[in-house]
Amino acid sequence: MDEAGGAGEAGAQRPVAVIDVDGVVADVRHRLGFLRQRPGDWNAFFAAATADPPLPQGVDLVLGLAADHDVIWLTGRPERSRADTERWLTAHGLPIGMLRMRPDDDHRSARVFKRAELRRLGRTRQVAVVVDDDPAVVTLLQDDGWPVVHADWLPYEDTLKNAQEIEGRT
Numbered sequence: 001m002d003e004a005g006g007a008g009e010a011g012a013q014r015p016v017a018v019i020d021v022d023g024v025v026a027d028v029r030h031r032l033g034f035l036r037q038r039p040g041d042w043n044a045f046f047a048a049a050t051a052d053p054p055l056p057q058g059v060d061l062v063l064g065l066a067a068d069h070d071v072i073w074l075t076g077r078p079e080r081s082r083a084d085t086e087r088w089l090t091a092h093g094l095p096i097g098m099l100r101m102r103p104d105d106d107h108r109s110a111r112v113f114k115r116a117e118l119r120r121l122g123r124t125r126q127v128a129v130v131v132d133d134d135p136a137v138v139t140l141l142q143d144d145g146w147p148v149v150h151a152d153w154l155p156y157e158d159t160l161k162n163a164q165e166i167e168g169r170t
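Residues 1 to 170, numbered by the UniProt record's numbering, are exactly what the sequence shown covers, in order.
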């Protein structure tokens, strides 16, 4: 098994599909109210993630990619929500693979955090596709030359923009 859980012939690795969680496979809309208040209630926001409905378009895309790619999840969710995130992925029939999460004390913008993680991953793996819903992340990664699919099946809300770009929390 390689670092993403994929087996290869004679050491060959399958290409990697790097997938965001929130807004791609998980519908976060029911918990955005926790971020609309000031200050935002981050603990409640992440605790409520266990009740996220799956987004069928994202789930279908990931399951299709998993047939010939190793799936690596790259999320701005904090490390402290790892167990909940893994249980949610499993409950919805999604491959766990590798789960890269933001360190609990890391408040960089989502685009800066994800760019750094993708560069690190790209040193050892062939990244075939990145799927993300955040327009700022999509633009930055495309400008860097990564093959990006914009997950636009859920309207992107300013509440998430503030959380991801200004507060560096998800």
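The beta carbon of each residue, even a glycine, is placed where N, CA and C say it ideally should be.
- With contacts defined by Cβ atoms closer than 8 Å, leucine 118 and tryptophan 73 do not form a contacting pair.
- Taking a 10 Å sphere around the C-beta of histidine 107, we find fewer than 16 other C-beta atoms and assign the residue as exposed.
- Ranked by Cα distance from alanine 66, the options Asp143, Pro155, Val130 are led by Val130.
- In the three-state DSSP reduction, leucine 74 falls in the strand class (E or B).
- Judged by DSSP in its simplified three-state form, aspartate 22 adopts strand.
- Histidine 30 counts as exposed, since fewer than 16 other beta carbons sit within 10 angstroms of its beta carbon.
- Ranking Asp52, Gln13, Ala12, Gly76 by CA distance to the CA of valine 112 puts Gly76 first.
- Closest by C-alpha distance to leucine 140, out of Gln37, Arg115, Ala128, is Arg115.
- Of all alpha-carbon atoms in Ile19, Ala48, Leu94, the one lying nearest the alpha-carbon of serine 81 is that of Ala48.
- A distance of 8 Å or more separates the beta carbons of glycine 97 and aspartate 132.
- Secondary structure of arginine 102 (DSSP, three-state): strand.
- Bridge partners of histidine 150 according to DSSP: Asp132.
- DSSP places proline 56 in the helix class (H, G or I) of the three-state scheme.
- By the criterion of a C-beta distance shorter than 8 Å, tyrosine 156 is surrounded in its chain by Gly23, Asp133, Asp134, Pro135, once the five residues flanking it on both sides are discounted.
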